[in-house]
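Residue numbers (my numbering), protein chains in the order written: chain A, 3 to 320; chain B, 120 to 406. Each remark here refers to the structure printed beneath this line.
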Amino acid sequence: MTTGSRPLRPGHDAAAFRRHQILRENVIAWILRGCAFSAVAGLLLIVLFVFKEAWPILGDRVTQQEANLAGFFSQPLWQPVSETPKYGFTPLFAGTIKVVLVSMLFAVPIGVLAALFATEFASPRLREILKPCIELLAGIPSVVLGFFGLMVLASWLQPITHAPVRLNAFNAGIALGLGIIPTVFTVCEDALRAVPKSFREASLALGATPWQTAWNVALPAASAGVGAGVLLGLARAVGETMIVLMASGNAAITSGDVFDSARTFSATIAAELAEVVVGSPHYATLFFLGALLFLLTFFINVAAGAFVDRLRRKLAGA
Amino acid sequence: MTVQTPERPAVTQEPPRATPPPPTVRAQQPETAEGASPTHLSARGLDLFYGAHQALKKVSIEIPSHSVTAIIGPSGCGKSTLLRSFNRMNDLIPNVRIMGELRVSDIDILAATTDVVELRRRVGMVFQRPNPFPKSIFENVAFGLRMLGLKDRNELEIRVEDSLRRAALWDEVKDRLDRSAMALSGGQQQRLCIARSLAVEPEVLLMDEPASALDPTATARIEELVLDLKARYTIVVVTHNMQQAARISDRTAFMLQGELIEFDDTRRMFTSPHQKLTEDYITGRFG
Numbered sequence: 003m004t005t006g007s008r009p010l011r012p013g014h015d016a017a018a019f020r021r022h023q024i025l026r027e028n029v030i031a032w033i034l035r036g037c038a039f040s041a042v043a044g045l046l047l048i049v050l051f052v053f054k055e056a057w058p059i060l061g062d063r064v065t066q067q068e069a070n071l072a073g074f075f076s077q078p079l080w081q082p083v084s085e086t087p088k089y090g091f092t093p094l095f096a097g098t099i100k101v102v103l104v105s106m107l108f109a110v111p112i113g114v115l116a117a118l119f120a121t122e123f124a125s126p127r128l129r130e131i132l133k134p135c136i137e138l139l140a141g142i143p144s145v146v147l148g149f150f151g152l153m154v155l156a157s158w159l160q161p162i163t164h165a166p167v168r169l170n171a172f173n174a175g176i177a178l179g180l181g182i183i184p185t186v187f188t189v190c191e192d193a194l195r196a197v198p199k200s201f202r203e204a205s206l207a208l209g210a211t212p213w214q215t216a217w218n219v220a221l222p223a224a225s226a227g228v229g230a231g232v233l234l235g236l237a238r239a240v241g242e243t244m245i246v247l248m249a250s251g252n253a254a255i256t257s258g259d260v261f262d263s264a265r266t267f268s269a270t271i272a273a274e275l276a277e278v279v280v281g282s283p284h285y286a287t288l289f290f291l292g293a294l295l296f297l298l299t300f301f302i303n304v305a306a307g308a309f310v311d312r313l314r315r316k317l318a319g320a
Numbered sequence: 120m121t122v123q124t125p126e127r128p129a130v131t132q133e134p135p136r137a138t139p140p141p142p143t144v145r146a147q148q149p150e151t152a153e154g155a156s157p158t159h160l161s162a163r164g165l166d167l168f169y170g171a172h173q174a175l176k177k178v179s180i181e182i183p184s185h186s187v188t189a190i191i192g193p194s195g196c197g198k199s200t201l202l203r204s205f206n207r208m209n210d211l212i213p214n215v216r217i218m219g220e221l222r223v224s225d226i227d228i229l230a231a232t233t234d235v236v237e238l239r240r241r242v243g244m245v246f247q248r249p250n251p252f253p254k255s256i257f258e259n260v261a262f263g264l265r266m267l268g269l270k271d272r273n274e275l276e277i278r279v280e281d282s283l284r285r286a287a288l289w290d291e292v293k294d295r296l297d298r299s300a301m302a303l304s305g306g307q308q309q310r311l312c313i314a315r316s317l318a319v320e321p322e323v324l325l326m327d328e329p330a331s332a333l334d335p336t337a338t339a340r341i342e343e344l345v346l347d348l349k350a351r352y353t354i355v356v357v358t359h360n361m362q363q364a365a366r367i368s369d370r371t372a373f374m375l376q377g378e379l380i381e382f383d384d385t386r387r388m389f390t391s392p393h394q395k396l397t398e399d400y401i402t403g404r405f406g
C-alpha cells in the first residue's frame with residue numbers, strides 16, 4: 003500500500019502522519035515495557051538484598067561463630083540479646099506452626115463453606131450483599147485486625163478457652179483467620195462460579211438434593227480453584243506479620259499448647275529488626291529468617307500453581 | 120402429594136432387572152394404537168411466564184406411557200420449556216411463574232407438597248449437550264445411586280453395568296470404567312448421560328434435543344437407543360429435526376409461540392396434518 007497516493011483532504015500528508023504514528027506506537031510500547039520490567043526489577047532487587055544480608059550466616063566465619071545453621075536447629079532458645087546470644091529457631095518454628103494451623107483450621111472451612119453458600123444457595127440478591135461484605139474484610143488493614151485481636155478478641159476468648167494468658171497462639175490464629183477468610187472465600191467463589199450450570203442441572207435432574215449437588219458435584223468440579231484458594235490463604239498466613247505481632251503475646255516459647263503465647267518468624271523480624279546493629283550476627287540471622295520465609299511462601303505459590311494445573315488437566319479428562 | 124417417602128430409596132426395594140414395566144406394554148402394539156396406553160404425563164391449561172414474557176399458553180397434552188413422544192417447533196416456541204416443566208427444572212430459573220396443572224401418573228407436579236427431589240428421580244432428563252460429571256465413567260453412572268444412599272460396592276457394580284448395557288455403552292467402556300468420562304467421544308458421553316439417568320430407575324425420560332450436538336453416526340445410535348428404551352420408559356423428546364421426530368416417535372406435538380398447535384399420531388401428523396400451521400411448518404414453509 004502506498005500511503006499518500008490519495009490524500010484524505012487537500013494538504014493532508016498521509017506519509018508524514020504515518021511516520022509520526024509509528025514513532026508514537028514505539029514510544030508507548032517502550033514505556034509499557036519499562037513499567038512491566040521495573041516491577042520485575044523491584045522483585046529481583048528485594049530478593050537480592052535479602053539474600054545478600056543473610057549471606058554471612060553461610061559464608062562469614064566471624065558471624066558463624068555466634069550464629070550458625072547448626073545452632074539454629076539444635077539450640078532450644080531464642081534469646082538474641084542476652085549475655086551469650088542464643089539463636090534457636092525451634093520456638094519460632096513452633097509458634098509459626100501453631101498460629102498458622104489454628105488460622106487455617108478456622109478460616110478454610112468458613113471460607114469454603116461461605117463460598118458454597120454464596121454460589122449454591124443464596125438468592126442473587128443476598129449474594130450481592132454477602133460478597134462485598136466478605137471482600138471488605140480483606141480491605142481492613144492488618145494492623146486494625148491485630149488491634150481487634152489484641153483488645154477485643156482476647157477478652158472474649160479467654161473466658162471461653164480458659165487460657166493462662168490473654169494473648170496466645172489460639173487468639174492470634176483466630177485474628178489471623180479473619181484476615182485469611184476473604185482470600186479463601188474470593189478464590190473459591192470464583193472457582194465455584196466457573197463450574198458449568200450443566201453439572202448442577204444434571205445432578206438435580208438425577209434426584210440429588212441441593213446440598214448433595216453442592217458437595218458432590220460443584221465442589222469437586224471446582225477443587226482446583228478451592229485448592230489454590232487454600233494455598234494462597236496459607237501463603238498469606240505464613241507471611242502475615244502485624245496481626246500475629248499484636249495478638250500472639252510474642253513470647254518465644256517452645257510449646258505444643260496453642261493456649262501458650264507464641265512468636266512467629268514474621269513477628270520476630272518485625273519486632274527486632276529496628277533495634278539490631280546493622281551487620282551483626284543477629285542482623286544476619288533476621289535476614290536469614292526472612293529468606294527462609296520468602297522461600298517458603300515462594301514454594302507454596304509454586305505448589306499452588308502446579309496443583310491447579312494438574313487438577314485442571316485431570317478434570318478435562320486428559 | 121402421594122410421593123414415596125424420600126428417606127427410603129426406591130431403588131433398594133427391588134433388584135435391578137426385576138423392575139417390571141407396568142402391565143400395558145406398548146412396544147408390540149401398532150403405532151396407531153391411539154388411546155391404548157394409559158396417560159402417563161399430562162398438562163392441563165399450563166401457562167408459564169418468564170418475567171413478563173409468556174412462554175407457554177394454555178398448553179394441554181396427554182402423553183401415553185411406554186411410547187416416544189416428540190415435541191417439534193421452531194426455536195423459542197416453548198418446547199424445551201414444556202419439557203423442563205415436567206421435572207420442574209424451570210424452578211432453577213429466577214422469576215418463573217407457572218399456572219395450570221401438570222401430572223405424572225398420580226403426582227401433582229406443581230403442588231407445593233410435592234417432593235421435587237423424588238419427582239426428579241422418577242422423571243429423568245437428558246440434556247442437549249452431553250454433560251457428564253468430571254468423574255470416572257463408573258462414578259458418573261453410580262452418582263444417582265450414591266445420592267440415594269446406596270453404598271454396597273457389589274450392588275453398585277451390578278446396577279452400573281445394567282444401566283450401561285441398557286444405554287448400549289457397556290461393550291465400549293467395560294474395560295475402562297475408572298477412566299474419566301470427559302475422555303469419551305460426544306456420542307459416548309451422551310449415552311453415558313442416558314445410562315446415568317437410567318440408573319436411578321426413572322419412569323419417564325425427558326430428552327432435550329439429545330442428538331443436536333452429535334454427528335450423524337452418533338445421532339443414529341441415540342435414535343436406536345430411544346426406540347429400544349420405550350419398552351421400559353415413557354420418553355418425551357424435544358427435537359428441531361423433523362426427520363428425527365418422524366423416525367423415532369409414536370406421537371408428535373407441534374408447538375408454535377407457546378401454544379400447542381397439534382398433537383397426533385406421528386404418521387398422521389407428517390402425512391395429513393389437520394392444522395394449516397402444522398402443514399406449513401413440516402413442509403418447510405417457515406421455521
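Quick reminder that beta carbons are idealized off the backbone N, C-alpha and C, glycines included.
Per the C-alpha coordinates, the member of A:155, A:310, A:144 and A:149 positioned closest to residue 231 (chain A) is A:310. Scanning its chain for C-beta atoms nearer than 7 Å, with the 5 sequence neighbours on each side dropped, one finds around residue 197 (chain A) the residues 220, 223 and 224, in chain order.
Counting only Cβ-Cβ distances below 9 Å, residue 319 (chain B) has contacts in chain A at 208 and 209, in chain order. Annotation: the continuous alpha helix (DSSP H) that includes residue 93 (chain A) extends over 92-118. Residue range 172-183 is occupied by the beta strand (DSSP E) that includes residue 183 (chain B).
Interface annotation, residue 326 (chain B): not in contact with chain A, CB-CB separation never under 8 Å. Below the 7 Å Cβ cutoff, chain A contributes no neighbours of residue 340 (chain B), its closest Cβ being approximately 20 Å away. In the structure shown, residue 311 (chain A) adopts helical secondary structure according to DSSP, grouped into three states. The beta carbon of residue 321 (chain B) is closer than 8 Å to those of 240, 241, 242, 243 and 352 in its chain, skipping five residues each way along the sequence. Under the three-state reduction of DSSP output, residue 197 (chain B) falls in the coil class, being neither helix nor strand. With its beta carbon less than 8 Å from one in chain A, residue 237 (chain B) belongs to the interface.
Sixteen is the threshold: since fewer than 16 other Cβ atoms of the shown chains lie within 10 Å of the Cβ of residue 137 (chain A), the residue is exposed. Here residue 87 (chain A) has 68, 69, 81, 283 and 284 as same chain residues with Cβ atoms under 8 Å from its own Cβ, once five neighbours each way along the sequence are excluded. The residues 69, 73, 74, 77, 80, 82 and 287, in chain order, have a CB closer than 7 Å to that of residue 89 (chain A) in the same chain once the five nearest residues on each side in sequence are set aside. Per DSSP, reduced to three states, the secondary structure at residue 320 (chain B) is coil, with no helix or strand assignment.
With a 10 Å radius around the Cβ and a threshold of 16 neighbouring Cβ atoms, residue 102 (chain A) comes out buried.
In the structure shown, residue 191 (chain B) falls within a strand segment according to DSSP collapsed to helix, strand and coil. Within the same chain, and ignoring the five residues on either side of residue 270 (chain A) in sequence, the residues whose Cβ sits closer than 8 Å to its Cβ are 80, 94, 254, 288 and 291.
In this structure, the alpha-carbon of residue 389 (chain B) lies about 7 Å from that of residue 401 (chain B).
For residue 88 (chain A), the secondary structure class from DSSP, reduced to helix, strand or coil, is strand.
Contact holds between the region 209-218 of chain B and the region 168-183 of chain B, because three or more Cβ pairs, one in each stretch, are under 8 Å apart. With respect to the 8 Å criterion, residue 242 (chain A) and residue 175 (chain A) are not classified as neighbours on the basis of their beta carbons. By alpha-carbon distance to residue 162 (chain B), the top candidate from B:181, B:175 and B:172 is B:181. Taking a C-beta cut-off of 8 Å against chain B, the contacting residues of the region 219-231 of chain A are 219, 222 and 223, listed in chain order. In terms of beta-carbon proximity, residue 214 (chain A) lines the interface with chain B, with at least one pair separated by less than 8 Å. Residue 36 (chain A): member of the alpha helix (DSSP H) spanning 16-56, first to last residue. One finds 199, 202, 203 and 206 in chain A with Cβ atoms closer than 9 Å to the Cβ of residue 211 (chain B), taken in chain order.
When 9 Å is used as the limit between beta carbons, residue 118 (chain A) is near no residue of chain B, the shortest such separation being about 17 Å. Take residue 304 (chain B), set aside five residues on each side of it, and the residues of its chain with a beta-carbon closer than 8 Å to its own are 337, in chain order. Residue range 370-375 is occupied by the beta strand (DSSP E) that includes residue 375 (chain B).
Rounded to whole angstroms, the Cβ separation of residue 329 (chain B) and residue 309 (chain B) is 6 Å, and the two are in contact under 8 Å. Distance from residue 169 (chain A) to residue 251 (chain A) at the Cβ level is roughly 3 Å; contact confirmed, criterion being Cβ atoms closer than 8 Å. The DSSP-derived three-state label of residue 288 (chain B) is coil. Listed along the chain, the chain B residues whose CB falls inside 7 Å of the CB of residue 134 (chain A) amount to none; the nearest CB is some 20 Å away. The beta carbon of residue 202 (chain B) lies closer than 7 Å to those of 190, 325, 327, 355 and 357 in the same chain, with the five residues before and after it left out.
Residue environment for residue 64 (chain A): exposed (fewer than 16 other C-beta atoms within 10 angstroms of its C-beta).
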